[in-house]
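Here the structure is laid out as structure tokens; the discussion comes afterwards.
2 protein chains.
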Amino acid sequence: MAAAPKNPRPCSIADALALVGEKYSLLVLREVCLGNGRFDQLVRNIGAPRDILATRLRRLVDAGILTRQPYSERPQRFEYRPTRAGLELEPVLMTLMEWGDRHLRADDDRPMVIEHACGSELVPQVTCRACGDTVRHEDLTAHPQAPGWTVAGPTVAQ
Amino acid sequence: MAAAPKNPRPCSIADALALVGEKYSLLVLREVCLGNGRFDQLVRNIGAPRDILATRLRRLVDAGILTRQPYSERPQRFEYRPTRAGLELEPVLMTLMEWGDRHLRADDDRPMVIEHACGSELVPQVTCRACGDTVRHEDLTAHPQAPGWTVAGPTVAQ
DNA sequence: CTCCGTGAGTTGGAAAAACAAACCCTCACT
DNA sequence: AGTGAGGGTTTGTTTTTCCAACTCACGGAG
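Here the protein sequences come in this chain order: A and B.
So the mapping is simple: my numbering equals the position in the first sequence, first residue as 1, plus 62.
So the mapping is simple: my numbering equals the position in the second sequence, first residue as 1, plus 62.
Now the structure itself:
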């Protein structure tokens with residue numbers, strides 16, 4: 063009989079992280095969404111080793127999150143850009159940024175401010191598409207669809 | 063004297079990922095938000111090696127994202143729970159899940175459905191706190207606050 | 001009392017990734 | 001002919017992961 067088959071919970075969060083959860087991947091996406099998609103810009107702005115970056119870029123292109131487009135023939139030069147799927151990960155970045163700004167920084171130490179088309183500064187929040195309300199933990203109930211996976215009631219610390 | 067100073071862009075996304083961006087950390091948070099905060103549950107539901115998990119848990123507790131609370135004296139047993147800061151990362155998980163559901167899965171293969179208090183299924187979306195509109199890449203303009211960091215115009219592939 | 005099982009981790013050694021620095025290739029410019 | 005930029009690859013070393021086995025504290029069964 064098998065030893066320990068390694069049966070993690072089936073989960074789209076895990077699947078998404080399998081693609082973009084490696085070190086630097088989301089920072090690559092950040093830069094690419096900012097329009098800084100050239101290899102040397104990525105190295106400088108992210109601070110990652112060049113070989114690792116090359117590996118990540120290949121993975122993200124294979125996953126359909128980025129494309130590698132020539133911006134000059136003779137000499138051949140390339141630039142990475144987000145695909146539609148890549149752009150749709152931007153909300154994840156915005157949500158992370160908002161959390162980081164709030165929990166990891168002083169109010170006057172925001173390293174980047176995003177302006178929204180509505181005229182004011184963007185403060186991203188996650189809402190429910192149906193009712194439009196801000197998502198609070200207390201309002202959520204999880205229902206695993208596969209058998210064998212349970213959730214216990216939520217118990218918040220403190 | 064310093065060799066290569068390694069000067070990445072100052073960024074709350076990077077800072078947040080320094081805390082929760084390591085492999086398994088966000089999956090730990092997922093389980094803990096679901097109420098499955100015991101060590102062996104985490105091992106089974108996530109599929110991570112026990113030693114790595116122990117390391118991640120220490121880090122997350124140190125970062126103030128989880129707490130380690132006894133749920134039984136004699137024998138001493140502990141349970142990890144999200145702090146308020148930890149819970150506030152849940153929107154990141156929801157956003158990732160929504161992306162994963164949409165891009166990585168067939169419609170009828172959703173491994174977890176979240177129900178919202180409003181009565182319908184939760185479909186998370188990131189909105190602007192000021193105007194309430196869904197955040198679209200085209201509506202965003204980034205403004206780095208530190209000197210030396212630029213953003214080029216966004217150029218979407220394809 | 002002895003044995004078995006459970007929960008919550010540690011420990012030790014092999015395999016995989018990350019890292020840093022140097023290198024390569026193609027072109028353009030001087 | 002030499003220099004420099006851009007976009008990577010190579011090489012060798014340091015860290016992390018990974019896995020299995022082990023520990024320790026107890027609680028219950030026989």
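Every residue, glycine too, gets a C-beta built ideally from N, C-alpha and C.
8 Å is my cut-off, CB to CB: does residue i come that close to chain B?
i	result
aspartate 77/A	yes
threonine 266/A	Since the first and last residues shown for chain A are 63 and 220, residue 266/A lies out of range.
proline 132/A	no
valine 90/A	no
arginine 172/A	yes
leucine 104/A	no
glutamine 138/A	no
arginine 71/A	yes
glutamate 177/A	yes
aspartate 169/A	no
arginine 143/A	yes
histidine 165/A	yes
Checking contacts by CB at 8 Å: is residue i closer than that to chain A?
i	result
glycine 210/B	no
threonine 117/B	no
isoleucine 114/B	no
valine 123/B	no
alanine 214/B	yes
glutamate 135/B	no
How should residue i be labelled, buried or exposed, when 16 other C-beta atoms within 10 angstroms of its C-beta is the threshold for buried?
i	result
arginine 139/A	exposed
asparagine 69/B	exposed
proline 137/B	exposed
histidine 205/B	exposed
aspartate 124/B	exposed
proline 283/A	In the structure as shown, chain A begins at 63 and stops at 220. Residue 283/A is therefore absent and cannot be evaluated.
alanine 208/A	exposed
threonine 217/B	exposed
aspartate 163/A	buried
arginine 112/B	exposed
glutamate 141/A	buried
alanine 110/A	buried
Using C-beta distances below 6 Å, list every residue in its chain close to residue i, excluding the 5 sequence neighbours before and after it, in chain order.
i	result
glutamine 187/A	Thr196
alanine 179/B	none
arginine 71/A	Trp211
Short of 8 Å in beta carbon distance, which residues of its chain neighbour residue i, apart from the five on each side in sequence? Order them along the chain.
i	result
alanine 219/B	none
leucine 115/A	Tyr86, Val90, Phe101, Leu104, Val105, Ile108
glutamate 183/A	Val175, Ile176, Glu177
Can you list, in chain order, the residues of its chain whose CB lies under 7 Å from that of residue i, leaving out five sequence neighbours each side?
i	result
asparagine 107/B	Glu93, Asn98
cysteine 190/A	Val197
glycine 126/B	Thr145, Ala147
glutamate 84/A	Arg118
leucine 88/A	Val82, Leu155
aspartate 169/B	none
proline 132/A	Gln138, Arg139, Phe140
Does any heavy atom of the ligand ATP sit closer than 7 Å to the C-beta of residue i?
i	result
threonine 157/A	Of ligands this structure carries none, so the ligand ATP is not represented either.
Tell me whether the segment 207 to 217 of chain A and the segment 206 to 218 of chain B touch, counting them as touching only if at least three CB pairs, one residue from each stretch, are closer than 8 Å. no
Just list the beta strand (DSSP E) runs in the segment 127 to 161 of chain B, keeping only unbroken ones of 3 residues or longer that don't cross its boundaries, in chain order. 128 to 134, 139 to 144
Is the segment 148 to 164 of chain B touching the segment 150 to 158 of chain A in the sense that three or more CB pairs, one from each, lie closer than 8 Å? yes
The segment 164 to 177 of chain B contacting the segment 109 to 121 of chain B, beta-carbon criterion three pairs below 8 Å: no
Does the segment 88 to 103 of chain A come close enough to the segment 72 to 79 of chain B that 3 or more CB-CB pairs lie under 8 Å? Contact between the segment 72 to 79 of chain B and the segment 88 to 103 of chain A is present, because at least three Cβ pairs lie under 8 Å.
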